[in-house]
Structure formats: C-alpha cells, structure tokens
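Notes follow the structure.
There are 2 protein chains.
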Amino acid sequence: MQNSEALALTAVLLAAAGELTQRINDGVVARGFDARPAYGFAFTRLSAGGATATELAGHLGVTKQAASQLVDELVRKGYAERTAHPGDARARLVVLTERGWACTRAAEEAAADAVRPWVELLGESEVRALRDQLARIAPYGPIRPAW
Amino acid sequence: MQNSEALALTAVLLAAAGELTQRINDGVVARGFDARPAYGFAFTRLSAGGATATELAGHLGVTKQAASQLVDELVRKGYAERTAHPGDARARLVVLTERGWACTRAAEEAAADAVRPWVELLGESEVRALRDQLARIAPYGPIRPAW
DNA sequence: GCATATAGTCAAGCCGCTTGACCATCTTTC
DNA sequence: GAAAGATGGTCAAGCGGCTTGACTATATGC
Chain A
143 MQNSEALALT
153 AVLLAAAGEL
163 TQRINDGVVA
173 RGFDARPAYG
183 FAFTRLSAGG
193 ATATELAGHL
203 GVTKQAASQL
213 VDELVRKGYA
223 ERTAHPGDAR
233 ARLVVLTERG
243 WACTRAAEEA
253 AADAVRPWVE
263 LLGESEVRAL
273 RDQLARIAPY
283 GPIRPAW
Chain B
143 MQNSEALALT
153 AVLLAAAGEL
163 TQRINDGVVA
173 RGFDARPAYG
183 FAFTRLSAGG
193 ATATELAGHL
203 GVTKQAASQL
213 VDELVRKGYA
223 ERTAHPGDAR
233 ARLVVLTERG
243 WACTRAAEEA
253 AADAVRPWVE
263 LLGESEVRAL
273 RDQLARIAPY
283 GPIRPAW
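Residue numbers (the numbering used here), protein chains in the order written: chain A, 143 to 289; chain B, 143 to 289.
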C-alpha cells in the first residue's frame with residue numbers, strides 16, 4: 143500500500159466520522175434537545191447501567207475532571223443525575239433521567255437517519271461489514287477526535 | 143439496521159480515525175518534527191501546488207482566520223512560506239519549504255506504519271476497499287473532528 | 001466607475017480541555 | 001487493625017485552538 147494512500151485513508155475516516163457526528167447532533171437538536179456531540183457517546187455508556195465519572199472519562203478519552211464537568215452539564219440540563227454508588231462511598235453513580243433516556247432514543251433515531259444514505263448507497267450488509275471491520279481494527283480507540 | 147447500530151458505527155469510526163491520527167502524529171514527532179495532527183492534512187493540500195489560506199480553511203473545515211493562524215505556525219516552524227499569488231494581488235500562495243516536504247514524507251511514512259497492523263489483520267484489498275467505500279460515502283466531509 | 005464580493009489581517013473572547021493540588025474513602029500490607 | 005498507598009471526586013487556574021466581529025486592500029460585475 144502506498145504511503146500516500148494511508149494518509150488518504152485517515153482523511154476519509156475523519157471526514158466520515160465528522161460528517162456522521164455532526165448530522166447526528168443536528169438531528170438530536172432538531173428533535174428538541176440541547177445537546178452537543180459528546181453527549182451521545184456518554185449516553186451509550188450511561189445507558190448500560192450507569193457509570194462513574196472516572197469510567198466515563200476512560201470511555202471518552204478525557205481526564206476525570208473533564209468528564210465530571212460533562213456530568214455537571216448533563217445534570218444541569220436534566221439528562222442525568224448523580225446517585226450514591228452501592229459499595230463505594232467515594233464514587234457516585236451517574237444514571238440517566240427519563241429525559242436522558244428520551245435524548246438517547248433521539249440520538250439513536252438521528253444516527254439511523256444519518257446512516258440511511260450510506261445504507262442506500264452501499265447496501266446494509268456492506269455498511270454492517272464496514273462497522274465490523276472497523277470494530278476489529280480499533281476496538282479500544284478513544285471515542286474522541288485527535289485534534 | 144437497528145438504531146443503536148448506527149451509533150455504534152459512529153463510535154467505531156471516531157475510534158479508528160482518532161487512533162490513526164494520533165499514531166501518525168506520534169510517528170511524525172518521533173521522526174524529529176514538531177507537529178500536531180492538523181499539519182498532515184494541511185500538507186496534503188499544500189503539496190498539490192500550494193494553496194491560499196482561504197482554500198486551506200475550506201479543506202480543513204475551519205474559518206479563514208484559523209487557517210491563517212495555522213499558516214503562521216507552519217511558517218514560524220519553517221515548514222511553509224507565503225509567496226505572491228500569480229494573478230491575484232490580494233491572495234498569498236502558501237507553499238511547502240524543503241523541510242515541509244520532508245515533514246510530509248515523514249507523515250506518509252508514519253501513516254503507512256500506522257495502517258500496517260490493519261493491513262495485516264484485514265488484508266490489503268480489504269483496507270483499500272474500506273477506504274474506497276468511505277470515499278464514496280463522505281467525499282466532502284470536513285477533515286476535522288466534530289467535537 | 002461604482003458597488004459588491006473576496007483574500008487577508010488584527011483583536012477580543014470563549015469553550016472545552018488540561019494540569020496541579022487537595023480531601024475522602026477504599027485497599028493492601030504487615 | 002493501623003499505617004501507607006491507591007483511587008474517586010472536586011476546586012481552581014490556565015491555555016490552546018477556534019470563533020465572531022471589524023477592518024483594509026484588491027478583484028469582479030453591471
């Protein structure tokens with residue numbers, strides 16, 4: 143594989159990820175939620191039984207302070223709340239509120255809308271294959287842009 | 143395609159793009175260049191005969207002020223220089239210096255290194271197919287993270 | 001030739017993140 | 001079971017990279 147092809151691959155990955163992210167967020171906003179792109183990825187983590195701020199930090203690839211700040215935001219906007227952590231008095235379990243669940247569903251709908259053109263272009267099986275290949279490639283990459 | 147799958151696709155795209163970007167930049171730095179991820183994408187545009195700051199802005203998906211600031215940086219670090227634009231006295235054509243070309247080559251090498259594990263895992267034809275599919279999908283997305 | 005659009009610059013501000021320091025609680029070790 | 005270290009969380013300060021806004025100089029269209 144030529145060297146320049148590798149850079150092109152990166153560019154197109156960023157372009158695809160960026161476009162998708164932006165369109166999902168636009169969709170979420172259009173559905174009446176005050177959100178920014180990071181929320182969606184926080185929600186997917188929180189929807190799996192809640193998480194501590196530090197766990198969230200690891201998931202998003204930011205410091206715990208940044209994650210805690212994000213949780214502040216989510217709490218302030220009514221999407222999440224901090225509850226006592228069963229079995230660790232230091233930690234606080236962050237869980238979604240009803241509105242948080244609604245926003246999560248909105249994000250999923252918006253994501254489906256955003257991906258639809260791709261499905262129409264490539265076919266569902268191709269898109270799924272794309273996702274599976276990427277999952278094999280970068281399963282642990284931070285859900286976070288690098289610049 | 144299930145709604146949640148679409149979000150997962152986005153997450154894995156971001157993870158892959160982020161990981162790749164970071165590893166390329168690490169490689170460039172390891173080769174002795176003072177760089178940040180945005181440089182690589184600026185270089186690919188500049189290497190095609192130079193560009194104006196505004197063109198660069200469009201390519202990177204930022205304001206012209208931000209692009210101009212990036213050019214300042216590149217000039218200060220010796221990677222590029224502003225030359226007179228033939229045929230437009232307002233504009234300045236930004237072109238790579240010799241060191242800029244060296245950095246570009248370093249980025250390409252680093253990119254090839256970063257992609258190598260993927261090629262070993264999926265095979266070259268699969269990786270190429272991945273790139274081509276993504277290129278069909280998001281040819282005009284900004285080379286820029288969305289959050 | 002005048003009106004408008006475009007390339008670039010200067011200046012100010014801001015958002016989201018990081019670094020650093022600290023306390024409270026949990027866990028390890030002896 | 002007590003001391004020592006690790007870990008979750010918060011407070012505070014700072015900053016990098018970007019945006020918005022205002023302005024000048026050149027180009028272009030009618």
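We treat Cβ as the ideally placed atom computed from N, Cα and C, and that holds for glycine.
Terminal residues of the beta strand (DSSP E) in which residue i lies
{"i": "residue 225/A", "result": "222–226"}
{"i": "residue 278/A", "result": "Note, residue 278/A: premise wrong, no beta strand (DSSP E); alpha helix (DSSP H) at 266–279."}
{"i": "residue 234/B", "result": "234–238"}
Residue i - containing alpha helix (DSSP H), residue span
{"i": "residue 213/B", "result": "206–218"}
{"i": "residue 187/A", "result": "179–188"}
{"i": "residue 196/B", "result": "195–202"}
Buried or exposed by the 16-neighbour rule on C-beta atoms within 10 Å, applied to residue i
{"i": "residue 288/A", "result": "Legend: pLDDT at residue 288/A = 48, less than 50; position of this residue unreliable, value from coordinates given subsequently. Buried: at least 16 other Cβ atoms inside 10 Å."}
{"i": "residue 226/B", "result": "exposed"}
{"i": "residue 179/A", "result": "buried"}
{"i": "residue 164/A", "result": "buried"}
{"i": "residue 190/A", "result": "exposed"}
{"i": "residue 210/A", "result": "buried"}
{"i": "residue 256/B", "result": "buried"}
{"i": "residue 231/B", "result": "exposed"}
{"i": "residue 174/A", "result": "exposed"}
{"i": "residue 242/A", "result": "buried"}
{"i": "residue 192/A", "result": "buried"}
{"i": "residue 229/B", "result": "exposed"}
{"i": "residue 212/B", "result": "buried"}
{"i": "residue 265/B", "result": "exposed"}
{"i": "residue 245/A", "result": "buried"}
{"i": "residue 269/B", "result": "buried"}
Cβ-Cβ distance between residue i and residue j below 8 Å
{"i": "residue 186/B", "j": "residue 149/A", "result": "yes"}
{"i": "residue 161/B", "j": "residue 280/A", "result": "yes"}
{"i": "residue 194/A", "j": "residue 220/A", "result": "no"}
{"i": "residue 198/B", "j": "residue 184/B", "result": "yes"}
{"i": "residue 292/A", "j": "residue 159/B", "result": "No answer is possible for residue 292/A: the residues shown for chain A start at 143 and end at 289."}
For this session: May I ask you to verify whether the region 197–208 of chain B touches the region 161–170 of chain B, counting CB pairs closer than 8 Å and requiring at least 3?
Result: no
For this session: State whether the region 225–239 of chain B contacts the region 244–252 of chain A, with contact taken as three or more CB pairs (one from each stretch) at a distance under 8 Å.
Result: no
Exercise. Per the contact definition of three or more C-beta pairs closer than 8 Å, is the region 259–266 of chain A in contact with the region 274–283 of chain B?
Worked result: yes
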